[in-house]
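Chemist: In our numbering, the protein residues as written are 2 to 394.
Even for Gly, the Cβ is constructed at its ideal location relative to N, Cα and C.
All figures in this text were calculated on a predicted structure; none of them were measured in a lab.
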Amino acid sequence: MARFTLPRDLYYGKGSLEVLKTLKGKKAIIVVGGGSMKRFGFLDKVLDYLKEAGIETQLFENVEPDPSVETVMRGAEAMRKFEPDWIISIGGGSPIDAAKAMWAFYEYPETTFEDLITPFNFPELRQKAKFLAIPSTSGTATEVTAFSVITDYSSGVKYPLADFNITPDVAVVDPELAETMPPTLTAHTGMDALTHAIEAYVSTLNSPFTDPLALKAIQMVFEELIDSYKGDSKAREQMHYAQCLAGMAFSNALLGIVHSMAHKTGAAFSTGHIPHGCANAIYLPYVIQFNSKNEEAKSRYAYIAKFIGITGDSEEDLIHKLCAKIDDYNVKLGIPKTLKEFGINEEEFKTKVAKIAELAVGDACTGSNPRQITPDLMEKLFNCIYYGTEVNF
C-alpha cells in the first residue's frame with residue numbers, strides 16, 4: 002500500500018495572502034526569518050489580516066538560515082507559553098522548516114530530537130494546533146511537503162525530518178512574495194526545485210500520482226528559470242508554482258542522493274558554507290551520470306530529456322544532452338561546476354570526504370535513490386564532483 006498526501010487547502014495567485022482574513026481560530030504564533038518579510042510589508046499584511054479574523058497573534062522572529070536544533074527548542078517553548086491553535090510560518094524554507102519541528106515539540110514536550118530524526122516516526126500532531134505555510138522563495142516547497150531540514154551545528158550535519166504529520170494543513174502560494182528574491186537566491190532555489198522534480202521522477206517510489214507533477218515542474222523550470230533570474234515578474238510567478246508542483250511530487254515519491262550529498266556537505270567545510278540549492282545544482286549532472294548506469298533510471302532520465310524537447314540518437318545521447326543543458330543553466334545562473342571551483346579547500350576536502358561520504362550514504366534520502374551506493378562509491382562520486390571528472394563507474 003502506498004500513500005499520497007498534500008495540504009488540505011492550497012491558495013495561490015497574486016493577493017492570495019488575503020485568505021488569512023477567513024481563518025478560524027483564537028491564537029496564532031507567526032514564525033519568521035531574518036526580517037525581509039517585515040521589510041517588504043508582508044508580515045504587517047499577515048498581522049492585519051489575522052486581526053481582521055479576530056485572531057490574537059505573537060511573533061517568533063529571527064529564525065536563521067539552516068535553522069538549528071536550539072532555535073527549534075526556543076520556538077517550541079514560546080509556543081507552549083502562548084498556546085496557539087494555529088502555527089503560521091512565512092518566509093523561505095528555513096522558518097517554515099523550523100516551525101514544523103517546533104510544532105512537534107510544542108505538542109509533545111517529552112519527545113526528543115533523536116526520536117524525530119527517524120523517518121516517519123513523528124507522534125500524531127494536530128492535538129493543539131494546525132499549520133499554515135506561506136513561502137517567499139521558489140525552491141524548497143516546504144509549504145506542501147512532509148519534510149523539514151534542521152542543522153546540528155555541533156556536528157555540522159543536516160537532518161532531514163520526514164513524516165506526513167508535518168505536511169501543512171494550508172499553503173498560501175502568493176507569487177508577490179517571490180518577487181522580492183535577489184538573483185542569486187532565485188538561481189539557487191530554482192535549481193533546488195529542478196532537482197526535487199528530477200529526483201522524484203527517478204525515485205524508486207515514483208508513482209502515477211507523482212510522475213505528472215514532476216514532469217510538469219521540470220518543464221516549467223526549464224522554461225521560466227532564466228527569465229525569473231533576470232527579474233521577469235511573470236516568470237517569477239510561474240517558478241513559484243513550478244517549485245510547488247515539484248514539492249508535491251517529492252513529498253510523496255521522496256528524493257535521492259543529490260539531496261543526501263547536499264545535506265551532508267552544506268555546513269561541513271570551514272572554507273565556505275554551500276547553499277543548499279547551489280549544492281544540488283553542482284551535484285545533479287554527476288548524479289545523473291552515476292544513476293543512469295541503472296537501466297530503469299536511464300530510461301526515465303531519457304524520457305525527461307524527450308519531454309522537454311531534447312532529441313537524440315539513443316538514451317545515452319539524450320542523457321548526455323540533458324546533463325549538458327543543466328550545465329548550461331548553471332553557467333547562466335552563476336553556479337560553479339565543481340566543489341573546487343566553489344572554493345572548498347583541497348586539503349580539507351581530502352581529509353573529510355570519507356566521513357562525509359559515509360554520512361551521505363546514511364542520509365534518509367539515499368533509500369529511494371534508483372541506484373544503490375556504498376560509502377566507497379560515494380567517495381569516488383564526491384571526488385568526481387570536486388575535480389570535475391567524468392563519472393564512469
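Mind checking Asn-393: buried by the 16 CB within 10 Å criterion, or exposed?
Modeler: For the purposes of this step, residue 393 is identified with residue 392 of the sequence shown, where counting begins at 1. Its Cβ having fewer than 16 others within 10 Å, Asn-393 is exposed.
Chemist: Please name the residue, chosen from Ala-134, Leu-51 and Thr-211, that lies closest to Leu-24 on a Cα-to-Cα basis.
Modeler: By 1-based counting over the sequence shown, the position of residue 24 is 23. Of the listed residues, the one whose Cα sits closest to Leu-24 is Leu-51.
Chemist: Which of the three DSSP states, helix, strand or coil, is assigned to Ser-17?
Modeler: On the sequence shown, position 16 is the one that residue 17 refers to. Residue state, collapsed to three classes: helix.
Chemist: Spatial neighbours of Asp-233 within its chain, please: CB distance less than 7 Å, with the 5 preceding and 5 following residues excluded, ordered by chain position.
Modeler: Position 232 of the sequence shown holds residue 233. Hits under 7 Å: none found.
Chemist: Whole angstroms is fine: what's the gap from Met-192's alpha carbon to Ile-275's?
Modeler: In the sequence shown, the residue the question calls residue 192 occupies position 191. In the sequence shown, the residue the question calls residue 275 occupies position 274. When rounded, the distance between both Cα atoms is 14 Å.
Chemist: Please report how far the alpha carbon of Asp-10 lies from the alpha carbon of Ala-172, in whole angstroms.
Modeler: Residue 10 sits at position 9 when you count from the first residue of the sequence shown. Residue 172 sits at position 171 when you count from the first residue of the sequence shown. Taking the straight line joining both Cα atoms gives about 6 Å.
Chemist: Which of the three DSSP states is assigned to Val-173 in this structure?
Modeler: For this step, residue 173 is matched to residue 172 along the sequence shown. Three-state result, Val-173: strand.
Chemist: What first and last residue would you give for the beta strand (DSSP E) that runs through Gly-92?
Modeler: Position 91 of the sequence shown holds residue 92. It spans 87-92 - the beta strand (DSSP E) in which Gly-92 sits, taken as one unbroken run.
Chemist: Is Val-64 helix, strand or coil by DSSP?
Modeler: For this step, residue 64 is matched to residue 63 along the sequence shown. Coil, per DSSP.
Chemist: According to DSSP, which residues form a beta bridge with Val-150?
Modeler: The sequence position of residue 150 within the sequence shown is 149, counting from 1. Per DSSP, Pro-161.
Chemist: Kindly give me the distance between the Cβ atoms of Tyr-107 and Met-80, rounded to whole angstroms, as I take these residues to be in contact under 8 Å.
Modeler: By 1-based counting over the sequence shown, the position of residue 107 is 106. By 1-based counting over the sequence shown, the position of residue 80 is 79. Rounded, the Cβ-Cβ distance is 4 Å, consistent with contact.
Chemist: Around the C-beta of Val-354, are 16 or more other C-beta atoms found within 10 angstroms, so that it is buried, or is it exposed?
Modeler: As a position in the sequence shown, residue 354 is number 353, starting the count at 1. With 16 or more Cβ atoms within 10 Å of its Cβ, Val-354 is classed as buried.
Chemist: Determine the direct distance from the alpha carbon of Phe-148 to that of Arg-4, and round the result to whole angstroms.
Modeler: Position 3 of the sequence shown, counted from the start, is the residue given in the question as residue 4. Position 147 of the sequence shown, counted from the start, is the residue given in the question as residue 148. Cα to Cα, Arg-4 sits roughly 15 Å from Phe-148.
Chemist: Can you round the beta-carbon distance between Phe-210 and Ile-167 to whole angstroms, since I take them to be within the 8 Å contact cut?
Modeler: What you label residue 210 is simply residue 209 of the sequence shown in a count that begins at 1. What you label residue 167 is simply residue 166 of the sequence shown in a count that begins at 1. With a Cβ gap of about 20 Å, Phe-210 and Ile-167 do not count as contacting.
Chemist: Would you call the segment 295-312 and the segment 189-205 in contact, with 3 or more CB pairs under 8 Å?
Modeler: They touch, by the three-pair rule.
Chemist: Here's the rule I'm using: 16 or more other beta-carbon atoms within 10 Å means buried, otherwise exposed. How should Lys-381 be labelled?
Modeler: Indexing the sequence shown from 1 puts residue 381 at position 380. Burial call: buried.
Chemist: Below 6 Å CB to CB, which residues in the same chain sit around Glu-67 once its five sequence neighbours on both sides are set aside?
Modeler: The sequence position of residue 67 within the sequence shown is 66, counting from 1. One detail in the question is off: residue 67 reads as Asp in this sequence, not Glu. Thr-152.
Chemist: Taking the DSSP output, what are the residues bridged to Ile-199?
Modeler: Taking the first residue of the sequence shown as 1, we reach residue 199 at position 198. DSSP, once it has assigned bridges, lists no residue as partnering Ile-199.
Chemist: On the criterion of 16 or more Cβ atoms from any shown chain inside 10 Å, does Asn-63 qualify as buried, or is it exposed?
Modeler: As a working mapping, residue 63 is identified with position 62 in the sequence shown. By the neighbour-count rule (16 or more Cβ atoms within 10 Å), Asn-63 is not buried but exposed.
Chemist: Out of Phe-270, Leu-186, Asn-281 and Ser-261, which has the shortest C-alpha to C-alpha gap to His-241?
Modeler: As a working note, residue 241 is residue 240 in the sequence shown. The candidate whose alpha carbon is nearest that of His-241 is Leu-186.
Chemist: How is the beta strand (DSSP E) around Gly-28 delimited, first residue to last?
Modeler: Here residue 28 corresponds to residue number 27 of the sequence shown, with the count starting at 1. Before going further, note that residue 28 is Lys rather than Gly in the sequence given. That run of the beta strand (DSSP E) goes 28-32.
Chemist: Leaving out five residues before and five after Arg-344 in sequence, what residues of the same chain have Cβ atoms less than 7 Å from its Cβ?
Modeler: Here residue 344 refers to the residue found at position 343 of the sequence shown. Per the sequence presented here, residue 344 reads as Gly, with Arg not at that position. Only Thr-272 and Gly-273 meet the Cβ criterion.
Chemist: Identify every run of the alpha helix (DSSP H) within the segment 260-312, keeping only runs that are complete inside it and at least 4 residues long; order them along the chain.
Modeler: If we require 4 residues or more, the alpha helix (DSSP H) runs fully inside the segment 260-312 come out as 277-292 and 296-308.
Chemist: Using 6 Å as the cut-off, classify the Cβ of Gly-335 as near or not near the heavy atoms of the ligand COA, replying yes or no.
Modeler: The ligand COA is not part of this structure, which contains no ligands at all.
Chemist: Looking only at DSSP bridge pairs, what is Lys-131 linked to?
Modeler: Counting from one through the sequence shown, the residue named residue 131 turns up at place 130. BP columns for Lys-131 point to Trp-87.
Chemist: Is it the case that the Cβ atoms of Pro-371 and Asn-292 are separated by a distance below 7 Å?
Modeler: Here residue 371 is taken as the residue at index 370 of the sequence shown, counted from 1. Here residue 292 is taken as the residue at index 291 of the sequence shown, counted from 1. Taking 7 Å as the Cβ cut-off, Pro-371 and Asn-292 qualify as a contacting pair.
Chemist: Going by Cα to Cα distance, which pick from Gly-267, Ile-357 and Glu-296 is closest to Ala-282?
Modeler: For this step, residue 282 is matched to residue 281 along the sequence shown. Ranking the options by Cα distance to Ala-282, first place goes to Gly-267.
Chemist: Going straight from the alpha carbon of Pro-327 to that of Thr-196, what length do you get?
Modeler: Translated into the one-based positions of the sequence shown, residue 327 becomes position 326. Translated into the one-based positions of the sequence shown, residue 196 becomes position 195. Here the sequence assigns Ile to residue 327, which means Pro is not the residue at that position. So the two alpha carbons sit approximately 10 Å from each other.
Chemist: Less than 7 Å between the C-beta atoms of Asp-170 and Phe-121, yes or no?
Modeler: Translated into positions along the sequence shown, residue 170 becomes position 169. Translated into positions along the sequence shown, residue 121 becomes position 120. Cβ atoms of Asp-170 and Phe-121: not closer than 7 Å.
Chemist: Using C-beta distances below 6 Å, list every residue in its chain close to Tyr-154, excluding the 5 sequence neighbours before and after it, in chain order.
Modeler: Within the sequence shown, residue 154 is the residue found at index 153, counting from 1. Ser-69.
Chemist: Taking the C-alpha atoms as reference points, what is the distance between Glu-391 and His-321?
Modeler: On the sequence shown, residue 391 is found 390 positions in, with the first residue counted as 1. On the sequence shown, residue 321 is found 320 positions in, with the first residue counted as 1. If I take the Cα positions, the gap works out to 11 Å.
Chemist: My output table needs one value for Ser-69: the three-state DSSP class, helix, strand or coil.
Modeler: Here residue 69 refers to the residue found at position 68 when the sequence shown is read from its first residue. In this structure, Ser-69 counts as strand in the three-state DSSP scheme.
Chemist: Judging by CA-CA distance, which residue of Ile-91, Ser-208, Glu-57 and Tyr-12 is the nearest neighbour of Gly-42?
Modeler: Here residue 42 refers to the residue found at position 41 when the sequence shown is read from its first residue. If we check each option's Cα against that of Gly-42, Ile-91 comes out closest.
Chemist: Please name the residue in Ile-199, Leu-178 and Trp-87 whose C-alpha comes closest to that of Arg-40.
Modeler: One-based indexing of the sequence shown puts residue 40 at position 39. With distances taken between Cα atoms, Arg-40 lies closest to Leu-178.
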